[in-house]
Amino acid sequence: MKMHNFLREKLEKKPYVLGAFVASCSPTNVEILGMNGMDFVILDMEHSPLGLETMVDMIRACESYGMVAIPRVYTMETKLMRRVLDVGAHGLMVPMVSNEHDARYIMDAVKFPPLGIRGMNSGRGPRWGAYENYLKEANAALFTMFQCETVEGVENIDKLVKTPGLDAVFIGSGDLSLEMGHPNNPKHPEVAAAIDKVLKACQKNNIIPGIVTSSPEAAAEKIKQGFRIVTIMNDLGMFKKQSKLQLDEVHKLCD
Numbered sequence: 121m122k123m124h125n126f127l128r129e130k131l132e133k134k135p136y137v138l139g140a141f142v143a144s145c146s147p148t149n150v151e152i153l154g155m156n157g158m159d160f161v162i163l164d165m166e167h168s169p170l171g172l173e174t175m176v177d178m179i180r181a182c183e184s185y186g187m188v189a190i191p192r193v194y195t196m197e198t199k200l201m202r203r204v205l206d207v208g209a210h211g212l213m214v215p216m217v218s219n220e221h222d223a224r225y226i227m228d229a230v231k232f233p234p235l236g237i238r239g240m241n242s243g244r245g246p247r248w249g250a251y252e253n254y255l256k257e258a259n260a261a262l263f264t265m266f267q268c269e270t271v272e273g274v275e276n277i278d279k280l281v282k283t284p285g286l287d288a289v290f291i292g293s294g295d296l297s298l299e300m301g302h303p304n305n306p307k308h309p310e311v312a313a314a315i316d317k318v319l320k321a322c323q324k325n326n327i328i329p330g331i332v333t334s335s336p337e338a339a340a341e342k343i344k345q346g347f348r349i350v351t352i353m354n355d356l357g358m359f360k361k362q363s364k365l366q367l368d369e370v371h372k373l374c375d
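Residues are numbered in the working numbering as their position in the sequence shown, beginning at 1, plus a constant of 120.
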């Protein structure tokens, strides 16, 4: 068996990919998103109680529909990064990457020598030995994505995008706008300028730019701006929104 960088392969065929954050810890939700044609999901281990055993079932649900599974770990938890890859994740998203020290620390954890110092394993990641060239293929096949969501990260973006082995930079505009003093206002001129700076640095250095959005209109705007990895929803946020709409509509019809 040969490894594949599934997200890169999708991006070779089309200009952008659409995804969702999954915070529900639900393999069923993942399966439904895959059935609907979502390209990838971010399995959120940063802001949810998701554990590794459940995550394996979520990854399997992704694989049933050709959807890419990218867990997001808690900031700088390198032991967790290694375990996530060891159990078969297709890549990794790391939040709050702000400087070259952060970048080096992460790459040491997720890449085999000579790019890092990750240790060997024989579990689900290498498919119990079925990936015969796992040690040679994993560095390129496992999609590595930094989140740029701090002022320091924006200031250092020209250095961060030169990190060997990096595939993508994903802008967390919520945390970035919060730190810049304009919470939940990514359109504020200062925040918009920071986002544009990160985008241009990615494009200049052949790093794939990504960003979070929460509506079809916002997603389309960011795609037209040049972003290629775009999340369009959080599964729990969508459930909350749609269930409230259903309730409100029934009450309205009964008045």
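Note that CB positions come from ideal geometry on N, CA and C, so glycine has one too.
Keep in mind it's a predicted model, so treat the numbers as computed, not measured.
Compute the Euclidean distance between the alpha carbons of residue i and residue j, then round it to the nearest angstrom.
i, j, result
"valine 332", "leucine 286", "19 Å"
"tyrosine 166", "serine 146", "According to the sequence provided, residue 166 is glutamate. The question's tyrosine does not apply to it. So the two alpha carbons sit approximately 15 Å from each other."
"glutamate 299", "asparagine 276", "16 Å"
"lysine 256", "lysine 279", "26 Å"
"glutamate 252", "threonine 270", "40 Å"
"alanine 229", "leucine 131", "25 Å"
"tyrosine 225", "methionine 196", "8 Å"
"alanine 209", "lysine 372", "45 Å"
"alanine 143", "proline 234", "34 Å"
"histidine 124", "leucine 356", "30 Å"
"glycine 249", "serine 297", "45 Å"
"glycine 239", "phenylalanine 263", "18 Å"
"phenylalanine 232", "leucine 172", "21 Å"
"serine 334", "phenylalanine 347", "14 Å"
"asparagine 156", "asparagine 241", "34 Å"
"lysine 133", "methionine 158", "15 Å"
"asparagine 259", "methionine 227", "10 Å"
"glycine 243", "valine 207", "6 Å"
"aspartate 108", "aspartate 316", "Since the first residue of the chain shown is 121 and the last is 375, residue 108 is not available in this structure."
"valine 274", "cysteine 182", "32 Å"
"glutamate 380", "alanine 313", "Residue 380 lies beyond the stretch modelled for the chain, which goes from 121 to 375, so this question has no answer here."
"proline 135", "phenylalanine 160", "14 Å"
"aspartate 222", "glycine 211", "18 Å"
"aspartate 164", "alanine 261", "21 Å"
"lysine 122", "isoleucine 237", "22 Å"
"leucine 367", "alanine 339", "27 Å"
"valine 311", "leucine 200", "31 Å"
"cysteine 374", "methionine 187", "41 Å"
"leucine 204", "methionine 358", "It should be pointed out that residue 204 corresponds to valine in this sequence rather than to leucine. Rounded to the nearest angstrom, the two C-alpha atoms are 26 Å apart."
Check for me: the beta strand (DSSP E) holding residue i runs from which residue to which?
i, result
"alanine 209", "Looking at the DSSP string, alanine 209 is not in any beta strand (DSSP E), and its letter there is neither H nor E."
"aspartate 164", "160 to 164"
"isoleucine 190", "188 to 192"
Where does the unbroken alpha helix (DSSP H) through residue i begin, and where does it stop?
i, result
"glycine 171", "Glycine 171 -> no alpha helix (DSSP H), and no H or E assigned at all."
"methionine 358", "355 to 374"
"aspartate 114", "With the chain covering 121 to 375 only, the question about residue 114 has no answer from this structure."
"proline 273", "Correcting the residue type first, residue 273 is glycine in the shown sequence and not proline. Here the alpha helix (DSSP H) through glycine 273 covers 271 to 275."
"phenylalanine 126", "126 to 133"
"cysteine 268", "Note, cysteine 268: premise wrong, no alpha helix (DSSP H); beta strand (DSSP E) at 263 to 268."
"valine 281", "Run containing valine 281: none; DSSP gives neither H nor E here."
"methionine 155", "147 to 155"
"serine 242", "Careful: serine 242 lies outside any alpha helix (DSSP H) and carries neither H nor E."
"serine 335", "Element bounds for serine 335: n/a, residue is neither H nor E."
"glycine 294", "293 to 299"
On the premise that residue j lies in contact with residue i, defined as a C-beta separation below 8 Å, what is that separation, rounded to the nearest angstrom?
i, j, result
"isoleucine 352", "leucine 127", "Going by Cβ atoms, the distance from isoleucine 352 to leucine 127 rounds to 16 Å, so no, they are not a contact pair."
"proline 309", "serine 293", "Between serine 293 and proline 309 the Cβ distance is about 14 Å, and since that is not below 8 Å, they are no contact."
"methionine 213", "isoleucine 179", "Wrong, their Cβ atoms sit about 14 Å apart, outside the cutoff."
"isoleucine 349", "isoleucine 328", "6 Å"
"phenylalanine 141", "asparagine 354", "4 Å"
DSSP has residue i in a bridge; who is on the other side?
i, result
"isoleucine 237", "Beta-bridge pairing links isoleucine 237 to no other residue."
"isoleucine 328", "Ala288"
"phenylalanine 141", "Ile162 and Asn354"
"methionine 213", "Arg192 and Met265"
"isoleucine 349", "Val137 and Gly330"
If we count Cβ pairs, one from each stretch, closer than 8 Å, do we get three or more for the region 274 to 289 versus the region 146 to 155?
no
Pairing CB atoms from the region 216 to 227 with CB atoms from the region 181 to 193, are three or more of them under 8 Å?
no
Taking contact to mean at least 3 C-beta pairs separated by less than 8 Å, is the region 318 to 325 in contact with the region 355 to 364?
no
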